[in-house]
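Structure record follows, encoded as structure tokens.
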Amino acid sequence: MQPSNKLMFPYPDSKPKLVSPAMWTEYTNSNTSFEVFSVQVATSIVIPIGERYQFFVKLNQTPGDYRIRTAPVILPQLTSYLILHYAEQTGPGLVEMKTLPASKNLWIDYAGNIINGGTNLVQANLSPFPDNAPPQGKADVTLLLNVTRTGEFGCVLSDKNVYFSYPNGSVVDVIFTVTAGNPAMHPPHPMHKHGVKAWFLGPGEGKFSYASIKDAVDAGYKGINMKNPPLRDDFVTPGLLFVSVRSTLVRSSSTATLTLIWRLEWLLFCSRDPKLTNDYVPSYYRAKNKP
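For what it's worth, numbering that gives the first Met the number 0 labels the leading residue of the sequence shown as 0, then goes sequentially.
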């Protein structure tokens, strides 16, 4: 039965007795050919600044305590550990742990490098569920944005024409090109499109040498995913590469404010502490987002 079926509670004309009680207590695997979602198996996850992940841990090992290693891939080098604890039966609740269990199968070293045949999560393969493909064809607007950080600098928006305005429903492609020099000097920078998601079409080497995303696709460029790219509200800059994203500007009752902020100010920030401490952003934003 579909979620919108009004024969089910809490609708006033619901008929719950039509549903067998076994629906809630007995489960069997489906023998159909379709699948609801596919699992991407990984032994490690790179979590850049500003991102959050939820993942499943397959409990197919001997119950007990397992060490989870966290390691940085940039400076400063800070290393820590987590403890995964599970038992054969339900316990009293939280368990206090003061001693690290011995390491078993190591998948990353102290610097975060893959070892022993480990598999890293591929962020570009995290397709949205349910399926949500980006608008096809040519975008209404293509914006080229150079990303650099050679030092602290002030951000002044004093001109009356500092914002961009496009018709409602416009499809906008943004090409982030990293021009910061040696990427080892600073970590990847997360670019946030606050409150409104966009499709991460993919990265590429060097500069973006096409007039538009459509031109790149028509030319046979393989780095652009127009079928099932990740749908997210932040994009991590790579080292000396370009990153392409696609967004739809839609003003509705629930997203009008956020979308208008995106259109007027972009509200597109690098999520680093200096943005809040060196007057990079408007005062109303700093007041609510103190580091």
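Every residue, glycine too, gets a C-beta built ideally from N, C-alpha and C.
In this chain, the beta strand (DSSP E) harbouring residue 171 covers 170–177. Per DSSP, reduced to three states, the secondary structure at residue 108 is coil, with no helix or strand assignment. Proximity to residue 200 across 115, 63, 175 peaks at 175, based on C-alpha coordinates.
For residue 95, the closest alpha carbon among the candidates 171, 57, 64 is that of 64. Within the DSSP secondary-structure output, residue 197 pairs in a beta bridge with 231. Contact between residue 43 and residue 119 holds: CB atoms are separated by about 5 Å, below the 8 Å threshold. The residue among 209, 189, 205, 178 with its C-alpha nearest the C-alpha of residue 172 is 209.
The shortest C-alpha to C-alpha distance from residue 189 to any of 99, 242, 108 is the one to 242. Within its own chain, the residues whose Cβ lies closer than 6 Å to the Cβ of residue 230, once the five positions on either side in sequence are excluded, are 127, 131, 196, 198, listed in chain order. With 16 or more neighbouring CB atoms inside 10 Å of its own CB, residue 246 falls in the buried class.
The Cβ neighbour count for residue 217, taken over all protein chains shown within 10 Å, is under 16; the residue is labelled exposed. Here residue 64 carries a strand assignment [DSSP, helix/strand/coil].
Around the CB of residue 234, 16 or more other CB atoms lie within 10 Å, so the residue is classed as buried. In this structure, the straight-line span from the alpha carbon of residue 82 to that of residue 168 is close to 47 Å. Looking at 220, 125, 48, 41, the one whose alpha-carbon comes closest to that of residue 57 is 41. Shown here, residue 216 sits in a helix according to DSSP, grouped into three states.
In the three-state scheme derived from DSSP, where H, G and I count as helix and E and B as strand, residue 69 is classed as strand. One thing to note: residue 111 has its Cβ no nearer than 8 Å to the Cβ of residue 170.
Of all alpha-carbon atoms in 93, 129, 145, 165, the one lying nearest the alpha-carbon of residue 205 is that of 145.
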